[in-house]
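Peer 1: My structure is below; once you've seen it, I'll send some questions.
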Amino acid sequence: MAQAQAAASRAAIILSQRVMLTNARIAVVDPSKCVGCLTCVRICPYNVPQVRSEATGVGDIIGAAYIEPATCHGCGSCASECPAQAIQLMHYTDDQTLIKLDALFGREILEEGFLPIDKIRVNTREQL
Ligand code: SF4
Ligand code: SF4
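Mapping to my numbering: the sequence shown position 27 is 819, numbers consecutive.
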């Protein structure tokens, strides 16, 4: 009984807020790319993604994934596993990550897919 009251109390605290701030790092689905494979539904450790029948997926199929921003923990597991690349993690989108890699390592890593061994520089403690 005490546990139920505590749970209800915690829920009331959340529900009484007029505005609820959420984590900015959340996963977002582009339904036009979603094939409804349920990979994100199975892999999410927090059971957040749902495939909703009212949404339209790739090729006008019935059903596409939806991720509720308020409950997403932003772990990125679904974005990395989605076979259709239909999920992007806000602030860590593919474009943003590639730009960061470009800034860190230069063009080679983007064009070749890897950094040639002769381009890798390891600083000694004295050089740091
Ligand atoms: S893993 Fe990707 S393609 Fe599959 S249901 Fe989720 S969002 Fe859609
Ligand atoms: S980012 Fe993590 S918590 Fe959010 S829906 Fe994807 S797997 Fe679940």
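For each residue, glycine too, the CB sits at the ideal point set by N, CA and C.
Determine, using beta carbons only, whether alanine 925 and cysteine 870 come nearer to each other than 8 Å.
Peer 2: The structure shown has nothing for residue 925, since the chain only spans 793 to 920.
Peer 1: Following the continuous alpha helix (DSSP H) through alanine 799, name the residue where it begins and the one where it ends.
Peer 2: Element bounds for alanine 799: 794-807.
Peer 1: Near proline 875, what residues of its chain come up, given a Cβ to Cβ distance below 7 Å and the 5 sequence neighbours on each side ignored?
Peer 2: Cys829, Thr831, listed in sequence order.
Peer 1: Can proline 837 and cysteine 867 be called in contact, C-beta distance under 8 Å?
Peer 2: Taking 8 Å as the Cβ cut-off, proline 837 and cysteine 867 qualify as a contacting pair.
Peer 1: Can tyrosine 838 be considered in contact with ligand 2, in the sense that its beta carbon sits closer than 7 Å to one or more heavy atoms?
Peer 2: True, at least one ligand heavy atom lies under 7 Å from that Cβ.
Peer 1: If you check the beta carbons only, do glycine 855 and valine 843 fall under 8 Å apart?
Peer 2: Yes, they are a contact pair.
Peer 1: On the premise that isoleucine 835 lies in contact with glutamate 873, defined as a C-beta separation below 8 Å, what is that separation, rounded to the nearest angstrom?
Peer 2: Contact holds; Cβ gap of about 5 Å.
Peer 1: In terms of residues, what are the limits of the beta strand (DSSP E) holding serine 845?
Peer 2: Where serine 845 is concerned, the enclosing beta strand (DSSP E) stretches over 842-848.
Peer 1: Beta carbon of alanine 857, beta carbon of valine 821: below 8 Å?
Peer 2: Taking 8 Å as the Cβ cut-off, alanine 857 and valine 821 qualify as a contacting pair.
Peer 1: To the nearest angstrom, report how far apart leucine 896 and alanine 878 are at their CA atoms.
Peer 2: If I take the Cα positions, the gap works out to 26 Å.
Peer 1: Please tell me whether, using a cut-off of 7 Å, the distance from the CB of alanine 862 to the nearest non-hydrogen atom of ligand 2 is below it.
Peer 2: Checking every heavy atom of ligand 2 against the Cβ of alanine 862, none is found closer than 7 Å.
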